[in-house]
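Below you'll find the structure, written out as structure tokens, and then a few comments.
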Amino acid sequence: MPIERLEKYFLWAAGAVLLVFFLTVSVSAFAWGMQLPNPDGRVDPENLTAPFDKPELREIAPGQYEAVLTAQTWAFLPNKLDIPVGSTVTFKITSKDIIHGFEIPGKRANVMIIPGQVSTVTVKFDKPGEFLYICHEYCGIAHHVMFGKITVA
Ligand SMILES: [Cu+2]
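Residue 126 in the numbering used here is what sits at position 89 of the sequence shown, and the numbering runs on without skipping anything.
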């Protein structure tokens, strides 16, 4: 069966796109370790247990902090964090109600906050200053007031 020249090009292009897609997914999954969330990263949003029943910043090692946060319409708990310069903070965040977002402008921290799911992101704070963490996912009429402040000193 004869195949026209342009049809051949299209088939090769479609095959190349599929190959790139397959390679991208394979490298992400096996080389970079990106996985779908497993049950360990899940919580019951209506009945939060430790550590989310008492969200706070805690020092887990010298210069290493863990910030356990909860998000709800329209606030983060806690909404103020004071950390020393040079600290590395691992944020563990979940939502009590609806989908929110967590972003620290100027840092590589930008995750979705999904009810029942724990989102984790680690940030190093090298310089003193003040940083906001904001909800970047529209969550209702007072979405614009949903933020917290990190003071690095
Ligand atoms: Cu929001």
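The C-beta atom is built at its ideal place from N, Cα and C for all residues, glycine as well.
Could you spell out the range, first to last residue, of the alpha helix (DSSP H) harbouring residue 52? Residue numbering aside, residue 52 sits at position 15 when the sequence shown is read from its first letter. Per DSSP, residue 52 belongs to the alpha helix (DSSP H) from 42-63.
Between which two residues does the beta strand (DSSP E) harbouring residue 149 extend? Here residue 149 refers to the residue found at position 112 of the sequence shown. Where residue 149 is concerned, the enclosing beta strand (DSSP E) stretches over 147-150.
Sort out for me which residues DSSP pairs residue 101 with in a bridge. On the sequence shown, position 64 is the one that residue 101 refers to. Beta-bridge pairing links residue 101 to 98, 125.
Rounded straight-line distance, which links the Cα of residue 46 to that of residue 115: For the purposes of this step, residue 115 is taken as the residue at position 78 of the sequence shown. For the purposes of this step, residue 46 is taken as the residue at position 9 of the sequence shown. For residue 115 and residue 46, the distance between alpha carbons rounds to 57 Å.
Whose C-beta lies closer than 8 Å to the C-beta of residue 143 among residues of the same chain, with five residues either side of it excluded? Start at 1 with the first residue of the sequence shown, and residue 143 comes out as number 106. Closer than 8 Å at Cβ, skipping near neighbours: 168.
Work out the CA separation of residue 130 and residue 89 for me, nearest whole Å. Counting from 1 along the sequence shown, the entry for residue 89 is found at position 52. Counting from 1 along the sequence shown, the entry for residue 130 is found at position 93. Whole-angstrom Cα-Cα distance: 8 Å.
Given the structure, does residue 111 come close to ligand 1, in the sense that its CB is under 8 Å from one of the ligand's heavy atoms? Residue mapping note: residue 111 aligns to position 74 of the sequence shown, counting from 1. Checking the Cβ of residue 111 against ligand 1 gives yes.
Measure the beta-carbon distance from residue 105 to residue 93 and round it to whole angstroms, keeping in mind my assumption that it falls under 8 Å. On the sequence shown, residue 105 is found 68 positions in, with the first residue counted as 1. On the sequence shown, residue 93 is found 56 positions in, with the first residue counted as 1. Yes, they are in contact, since the Cβ atoms of residue 105 and residue 93 sit about 6 Å apart, within 8 Å.
Leaving out five residues on either side along the sequence, give the residues of the same chain with a beta carbon under 7 Å from the beta carbon of residue 135. Your numbering for residue 135 matches position 98 in the sequence shown. Excluding residues within five positions, the ones whose Cβ falls inside 7 Å are 110, 152, 176.
Would you say residue 175 touches ligand 1, meaning its beta carbon is less than 8 Å from a heavy atom? By one-based count along the sequence shown, residue 175 stands at place 138. Correct: residue 175 has its Cβ closer than 8 Å to ligand 1.
Exposed or buried, what is residue 137 when buried is set at 16 or more other beta-carbons lying within 10 Å of its beta-carbon? On the sequence shown, residue 137 is found 100 positions in, with the first residue counted as 1. Classification of residue 137: buried, given that the 10 Å Cβ count is 16 or more.
Given residue 127, which residues of its chain have a CB within under 6 Å of its CB, disregarding the five upstream and five downstream residues? Your numbering for residue 127 matches position 90 in the sequence shown. So the qualifying residues of the chain are 103, 159.
Alpha carbon to alpha carbon, what distance is there between residue 49 and residue 62? In the sequence shown, residue 62 corresponds to position 25, counting from 1. In the sequence shown, residue 49 corresponds to position 12, counting from 1. Distance between the alpha carbons of residue 62 and residue 49: 20 Å.
Since residue 185 is in the beta strand (DSSP E), which residue starts that stretch and which ends it? As a working note, residue 185 is residue 148 in the sequence shown. Start and end: 184-189.
Is the CB-CB distance between residue 150 and residue 187 below 9 Å? On the sequence shown, position 113 is the one that residue 150 refers to. On the sequence shown, position 150 is the one that residue 187 refers to. Cβ distance not < 9 Å, so residue 150 and residue 187 don't count as in contact.
Does DSSP classify residue 137 as helix, strand or coil? As a first step, residue 137 is located in the sequence shown; it is residue number 100 there, counting from the start. Reduced to three states, the DSSP call for residue 137 is strand.
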